[in-house]
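Undergrad: These protein sequences, in sequence, are chains A and B. Using the numbering used here, you'd call the opening residue of the first sequence number 1 and step up by one each time. Using the numbering used here, you'd call the opening residue of the second sequence number 1 and step up by one each time. Would you mind keeping the following structure in view while I ask a few things?
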Amino acid sequence: EAGVAQSPRYKIIEKRQSVAFWCNPISGHATLYWYQQILGQGPKLLIQFQNNGVVDDSQLPKDRFSAERLKGVDSTLKIQPAKLEDSAVYLCASSFSGRLNTGELFFGEGSRLTVL
Amino acid sequence: AQTVTQSQPEMSVQEAETVTLSCTYDTSESNYYLFWYKQPPSRQMILVIRQEAYKQQNATENRFSVNFQKAAKSFSLKISDSQLGDTAMYFCAFANNAGNMLTFGGGTRLMVKP
């Protein structure tokens with residue numbers, strides 16, 4: 001079974017530029033998550049999708065971050081314009097139902113962003 | 001809002017010995033779920049062990065076990081017979097009664113030395 005796929009693995013940009021990250025969850029998983037993991041910290045949830053609808057985006061900086069999951073499968077996270085403090089690893093994860101008491105959360109390898 | 005605290009930024013252990021990683025959390029809910037996740041260097045995070053708050057029995061998965069103290073809001077992870085492959089970041093995490101809203105602690109970097 002294929003895992004959660006993310007690309008690109010690494011990206012270096014200058015501040016005020018834009019960047020997009022792509023995630024393809026495990027087949028059949030209805031719930032998709034984007035987390036931001038700053039170096040030395042635990043992952044912080046940015047947005048959670050259930051199929052193609054947003055369940056929680058309360059911690060997403062909406063003035064610069066956007067995310068979509070138009071067909072309820074793969075997802076794109078965009079940052080525009082990027083700031084220095086956006087340097088982090090962006091983790092995508094998926095689960096079958098979104099109820100973590102019954103199922104696991106599967107993570108991708110992450111996309112490491114460096115903003116100069 | 002729930003908070004998860006891991007007070008040990010780094011730990012080391014000799015191969016084959018036992019190590020315990022600490023985690024405390026704060027919540028007003030009576031039922032919830034606790035997890036330990038492992039993040040090896042440059043590899044994806046994986047679930048190590050899960051504990052349901054209404055179950056008094058501590059969860060065990062092979063060499064990994066937890067000490068869940070509900071009243072103290074403490075959830076420590078014990079790794080027995082440590083192996084070099086256990087070297088990783090370990091994150092404690094909390095999910096609410098609905099099984100969503102996963103909140104992570106800051107992590108503990110564990111180094112297993114030969």
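Glycine included, every Cβ here is placed at the ideal spot set by N, Cα and C. Note that the coordinates shown come from a computational prediction; the quantities given were computed from them, not determined experimentally.
What residue ranges within the segment 39 to 83 of chain A form continuous beta strand (DSSP E) runs of no fewer than 3 residues, ordered along the chain?
TA: If we require 3 residues or more, the beta strand (DSSP E) runs fully inside the segment 39 to 83 of chain A come out as 44 to 50, 53 to 56, 65 to 68, 75 to 79.
Undergrad: Can you give me the start and stop residues for the beta strand (DSSP E) that residue 113/B sits inside?
TA: The residue labelled residue 113/B in the question sits at position 113 within the second sequence. Its beta strand (DSSP E) spans residues 108 to 113.
Undergrad: Just to confirm the assignment, what range does the beta strand (DSSP E) spanning residue 91/A have?
TA: Position 91 of the first sequence, counted from the start, is the residue given in the question as residue 91/A. From DSSP, the beta strand (DSSP E) with residue 91/A extends over 88 to 95.
Undergrad: List the residues that DSSP assigns as beta-bridge partners of residue 38/B.
TA: Sequence index remark: in the second sequence, residue 38/B carries index 38 (1-based). Answer is 46/B, 90/B, bridged to residue 38/B.
Undergrad: Please list the partners that residue 52/A has in chain B, where partner means a Cβ-to-Cβ separation under 8 angstroms.
TA: Here the question's residue 52/A lines up with position 52 in the first sequence. Result: empty, since nearest Cβ-Cβ is about 17 angstroms, beyond 8 angstroms.
Undergrad: For a test of the three-state rule: what should DSSP assign to residue 85/A, helix, strand or coil?
TA: In the first sequence, the residue the question calls residue 85/A occupies position 85. Residue state, collapsed to three classes: helix.
Undergrad: Between the Cα of residue 97/A and those of 112/B, 100/B, 51/B, spot the shortest distance and give me the residue it belongs to.
TA: The residue you call residue 97/A lines up with position 97 of the first sequence. Among 112/B, 100/B, 51/B, the Cα nearest to that of residue 97/A is on 100/B.
Undergrad: Could you please give the first and the last residue of the uninterrupted beta strand (DSSP E) stretch that includes residue 5/A?
TA: Residue 5/A sits at position 5 when you count from the first residue of the first sequence. Segment 5 to 7, the beta strand (DSSP E) holding residue 5/A.
Undergrad: Look at the Cβ atom of residue 90/B, then the Cβ atom of residue 108/B, and state whether they are nearer than 7 angstroms.
TA: Numbered from 1 along the second sequence, position 90 holds the residue referred to as residue 90/B. Numbered from 1 along the second sequence, position 108 holds the residue referred to as residue 108/B. The answer is yes: Cβ separation under 7 angstroms.
Undergrad: Could you tell me whether the Cβ atoms of residue 38/A and residue 4/A are closer together than 7 angstroms?
TA: By one-based count along the first sequence, residue 38/A stands at place 38. By one-based count along the first sequence, residue 4/A stands at place 4. No, Cβ-Cβ distance for residue 38/A and residue 4/A is not below 7 angstroms.
Undergrad: Taking all protein chains shown into account, decide if residue 82/B is buried (16 or more other Cβ within 10 angstroms of its Cβ) or exposed.
TA: The count along the second sequence starts at 1 and reaches residue 82/B at position 82. Classification for residue 82/B: buried.
Undergrad: Would you mind stating whether residue 126/A and residue 77/A have Cβ atoms separated by less than 7 angstroms?
TA: The structure shown has nothing for residue 126/A, since chain A only spans 1 to 116.
Undergrad: Kindly indicate if chain A contains any beta-carbon less than 7 angstroms away from that of residue 100/B.
TA: Residue 100/B sits at position 100 when you count from the first residue of the second sequence. Closer than 7 angstroms to some Cβ of chain A, the Cβ of residue 100/B qualifies, so yes.
Undergrad: Taking C-beta to C-beta, are residue 75/B and residue 68/B nearer than 7 angstroms?
TA: Start at 1 with the first residue of the second sequence, and residue 75/B comes out as number 75. Start at 1 with the first residue of the second sequence, and residue 68/B comes out as number 68. Against a cut-off of 7 angstroms, the Cβ pair of residue 68/B and residue 75/B comes out as a contact.
Undergrad: Tell me whether residue 93/A is buried or exposed, calling it buried when 16 or more other Cβ atoms sit within 10 Å of its Cβ.
TA: Counted from its first residue, the first sequence places residue 93/A at position 93. By the 10 Å Cβ count, residue 93/A comes out buried.
Undergrad: Is it buried or exposed for residue 75/A, if we count other Cβ within 10 angstroms and need 16 for buried?
TA: Sequence index remark: in the first sequence, residue 75/A carries index 75 (1-based). When all chains shown are included, residue 75/A counts as buried.
Undergrad: What is the residue span of the beta strand (DSSP E) that residue 26/B lies within?
TA: One-based indexing of the second sequence puts residue 26/B at position 26. Its beta strand (DSSP E) spans residues 24 to 26.
Undergrad: Under the rule that 16 or more other beta-carbon atoms within 10 Å means buried, what is residue 72/B, buried or exposed?
TA: Walking along the second sequence from the start, residue 72/B turns up at place 72. Counting Cβ neighbours within 10 Å, residue 72/B comes out exposed, since fewer than 16 surround it.
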